[in-house]
Amino acid sequence: MTTTHAPPGQHTAPHKRSRISLEPYLYLLPHAVLFFVFTVYPIGYGLYISMHRWDLLNSNQQFVGFEFFRNLFTAGTPQFEFFWRTLLNTTFFTVVSVPLLVASALGLAVLLHRPIFGRSFFRAVFFMPGILTVSVMGILWRWMFDNQIGLVNAARDLLTGAAPIPWLSTEGLAWVPIVVGTIWWTLGFNMTLYLAALSNVSVSLYEAASLDGASPWQQFRFITWPMLTPITLFVVITTALASFQLFGQSLTITNGGPSRSTQSVIQYITEEGFTNSQISSAAAMGFVFGLMMLILTGAQFRMMARDVTSSSEGK
Amino acid sequence: MTITAPQPTQTANAPFKKRRLPRDIPRFLILCVLSILFLAPVYWMISTSLKTEADAIASPVQWWPAHPTLDNYVAVLTSPDGNILRWTWNSLFVALTFTVIHVVVCALTAYPLARMNFRGRNAWFWIILSSLMIPGIVTLVPTYIMMLNFNWINSYHALIWPGVSGVFGVFLLRQFFVAIPRELEEAATLDGASNFQILWRIILPLSVPSLVTLAVFAFMGSWNNFLWPLFTVTDVDKMTLPVGITTFSQRYTTEYGKLMASTTLAAVPALIAYLVAQRFLEAGLSTTGLKE
Chain A
1 MTTTHAPPGQ HTAPHKRSRI SLEPYLYLLP HAVLFFVFTV YPIGYGLYIS MHRWDLLNSN
61 QQFVGFEFFR NLFTAGTPQF EFFWRTLLNT TFFTVVSVPL LVASALGLAV LLHRPIFGRS
121 FFRAVFFMPG ILTVSVMGIL WRWMFDNQIG LVNAARDLLT GAAPIPWLST EGLAWVPIVV
181 GTIWWTLGFN MTLYLAALSN VSVSLYEAAS LDGASPWQQF RFITWPMLTP ITLFVVITTA
241 LASFQLFGQS LTITNGGPSR STQSVIQYIT EEGFTNSQIS SAAAMGFVFG LMMLILTGAQ
301 FRMMARDVTS SSEGK
Chain B
1 MTITAPQPTQ TANAPFKKRR LPRDIPRFLI LCVLSILFLA PVYWMISTSL KTEADAIASP
61 VQWWPAHPTL DNYVAVLTSP DGNILRWTWN SLFVALTFTV IHVVVCALTA YPLARMNFRG
121 RNAWFWIILS SLMIPGIVTL VPTYIMMLNF NWINSYHALI WPGVSGVFGV FLLRQFFVAI
181 PRELEEAATL DGASNFQILW RIILPLSVPS LVTLAVFAFM GSWNNFLWPL FTVTDVDKMT
241 LPVGITTFSQ RYTTEYGKLM ASTTLAAVPA LIAYLVAQRF LEAGLSTTGL KE
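What follows is the structure, given as structure tokens:
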């Protein structure tokens, strides 16, 4: 550690010997203890659990090695079938929802960026759903898309006279309330990030482009979009991470149905572990799914690491 | 884009703005339509909650409650299946306790990491930072078994402690502390201030915005936590609001008037908090790029 700002000579020497020795570690201690107990230890403990046949009613756990990991890669086991199917469901949700969540947030931010009458009201309206808790949001959207008399079916009836669609009980269509609800619920976060990024784009660029006769689309394509690339990368990664963690929305809106077609992988893991009491199997799935997530969490980590490095250089 | 630095003179700017005004009208109309779409579910929630159960599912649909009533609210608030006020209190207590402990623990850790020199400082910082890469699902099952072993199932402890050492808060505060000019601290050191006094009298007062941001996010995170309390708290009296509400959705499967009354009641504290904390929330999001 090379500190550029350490007080010169005379001050550092006595400090190092007498005080600095222990004090910093005392500050770190409370967090370090909790960090060890609730972050480090559970990883090792989870590995231990996943390699035993964990029985909640027994104190002696039988060692089974990698059996539960092998199950996940052996065709024919229920774990194989449901783990990969729900993982596919979750991936489908991510692939569909991330572009929508990023594009609609960007669109709204562009609409709201320039001053307009009622701007803060609009901002508040678009952000507000995000503060609702997931079960409130889920129950509300289940009602909105009710098979018979939901508002969506009522509006369709009013506009086109079409017969109600049983959204919640039709495979495939059951994703619609989940995706629409998720967009409604989380759009405001990405929009706020984009608005902040947009306010950092110099107005003079637009003024110059507009004097040169650039159309609004050209301005967006050649100024806004390139200037927003870093924040877009961030938004895509965090949104994809959040989408892969799908749990509450599908649980409360469709409860994974019909016939597991909207069950997320996390819901399946909790079902395996907590409903079926297959603790070890669920722990193994957690590891396998977690390892896949590492691609995204790793990318997120790199972004934060860059932030740390640049702030250290700047100090 | 090689254009000389713009000279935003009054004369050049004023007509530019005026010309744009008519062009703002379509934009304004689009925003109005989108706002209506965004508010429709909220209107529908409140409107349904004020209808009788028969009116709620009446066909053709009732856009406005024909026989407005508060019966659903009375039914929900006096429900024998769970006390929504009790759940709100549980959520509030858990979220507040969690927030206080989390902010204190994070500040204590971020301080030496940002402002002191000691052996292993960088190593430790990178170790805890890299834990951000561990997806929560990995530790879900083992932490649940730990709660069983600690006998913490159905206790507030399970809802408070496991997340307290979250590293994002350390990262956020460390980044902020690092940016505080050293000169203030050096002057205080010369005056004989201890490290703790520097933290308490200089660093923390200067960091109020980032502390508030962290507190708002910690509170929201805990308040909205769903998966973990869903499995660690099964005792109806110990449930938090998000979990309690879902038991209503199982109890009143198709009684949408009551369901919407319960979700409206659950949304009210969040909406009030949002109006109060809006400034910090949005400022925090913008400055940290932090997201739920």
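Going down the list, the sequences are from chains A and B.
Residue 1 is where the first sequence starts when you use my numbering, and the numbers rise one by one after that.
Residue 1 is where the second sequence starts when you use my numbering, and the numbers rise one by one after that.
Positions of the beta carbon are idealized from the N, C-alpha and C atoms, including for glycine.
Identity of the residues DSSP links to H52 (chain A) by a beta bridge = DSSP lists A:F63 as partners of H52 (chain A).
So which residues of chain B does D307 (chain A) contact, with C-beta pairs closer than 8 Å?
-> Q175
Could you work out which residue in B:V61, B:A54, B:W87 and B:R86 is closest to D71 (chain B) when comparing CA atoms only?
-> B:A54
Does D174 (chain A) have its Cβ less than 8 Å from a Cβ in chain B?
-> Here residue 174 (chain A) turns out to be Ala, not Asp, going by the sequence shown. No, A174 (chain A) does not count as interfacial toward chain B.
Chain A within 8 Å of A266 (chain B), Cβ atoms only | At least one chain A Cβ lies under 8 Å of A266 (chain B).
At a Cβ threshold of 8 Å, is L27 (chain B) touching chain A?
-> A quick correction: the sequence has Arg, not Leu, at residue 27 (chain B). Taking Cβ atoms only, chain A reaches closer than 8 Å to R27 (chain B), which makes this a yes.
First and last residue of the alpha helix (DSSP H) that includes H67 (chain B)?
-> Premise fails: H67 (chain B) is in no alpha helix (DSSP H) and is neither H nor E.
Which residues in the same chain as K238 (chain B) place their Cβ atom closer than 8 Å to its Cβ, once the five residues preceding and following it in sequence are excluded?
-> N90, N154, S155 and Y156
Roughly how many whole angstroms lie between the Cα atoms of Q267 (chain A) and G188 (chain A)?
-> 25 Å
Counting pairs of Cβ atoms below 8 Å between the stretch 222-232 of chain B and the stretch 34-52 of chain B, do you hit three or more?
-> no
For M304 (chain A), return the contacting residues in chain B, with the cut-off set at a CB-CB distance below 8 Å.
-> L129, L132 and F171
With respect to the alpha helix (DSSP H) encompassing R123 (chain A), which residues constitute its N-terminal and C-terminal limits?
-> R119 to F127
Hey, is T91 (chain A)'s beta-carbon within less than 8 Å of any beta-carbon in chain B?
-> no
Checking contacts by CB at 8 Å: is Q278 (chain B) closer than that to chain A?
-> yes
What runs of the alpha helix (DSSP H), each 4 residues or longer, lie entirely inside the stretch 49-133 of chain B?
-> With a minimum length of 4 residues, the continuous alpha helix (DSSP H) runs that stay inside the stretch 49-133 of chain B are 53-56, 71-77, 84-115 and 121-130.
What are the residues of the stretch 140-155 of chain B that lie near chain A, defined by any Cβ-Cβ distance shorter than 8 Å?
-> Correct list: L140, V141, P142, T143, Y144, I145, M146 and L148.
Local conformation of N340 (chain B) per DSSP, three classes | One cannot answer for residue 340 (chain B) here, as it falls past the ends of chain B, which runs 1 to 292.
Hey, is A75 (chain A) close to the ligand FMN, as in C-beta under 7 Å from one of its heavy atoms?
-> The ligand FMN is not part of this structure, which contains no ligands at all.
Taking C-beta pairs closer than 9 Å, name the residues in chain B that P78 (chain A) reaches, listed in chain order.
-> The premise fails here: P78 (chain A) is roughly 18 Å from chain B at the closest Cβ pair, so nothing lies under 9 Å.
CB-CB under 7 Å to Y252 (chain B), same chain, minus the five flanking residues each way: which ones, in chain order?
-> K258 and L259
Since G257 (chain A) meets chain B, which of its residues come closer than 8 Å, beta carbon to beta carbon?
-> Residues of chain B passing the Cβ test: none, with the nearest at roughly 14 Å.
Excluding sequence positions up to five away, which residues of its chain have a Cβ less than 7 Å from the Cβ of I253 (chain A)?
-> G138, W141, R142, P177, I178 and G181
Measure the alpha-carbon distance for N58 (chain A) versus G46 (chain A) and round it to whole angstroms.
-> Taking the straight line joining both Cα atoms gives about 17 Å.
Run the CB neighbour count on W217 (chain A), radius 10 Å, all protein chains shown included, and call it buried at 16 or more, exposed below.
-> exposed
Whose Cβ in chain E lies nearer than 7 Å to the Cβ of D24 (chain B)?
-> Protein chains in the displayed structure are A and B, and chain E is not among them.
Could you tell me which chain B residues have their CB closer than 7 Å to the CB of Y27 (chain A), listed as they occur along the chain?
-> L108, T109, Y111 and P112
What are the boundary residues of the alpha helix (DSSP H) that includes V208 (chain B)?
-> For V208 (chain B), the enclosing alpha helix (DSSP H) stretches over residues V208 to N224.
Rank A:L251, A:A299, A:Y25 and A:Y48 by C-alpha distance to the C-alpha of V138 (chain B) and give the top, closest one.
-> Measuring from the Cα of V138 (chain B), the nearest candidate turns out to be A:Y48.
So, is L190 (chain B) buried or exposed, given that buried needs 16 or more other C-beta atoms within 10 angstroms?
-> With fewer than 16 other Cβ atoms within 10 Å, it is exposed.
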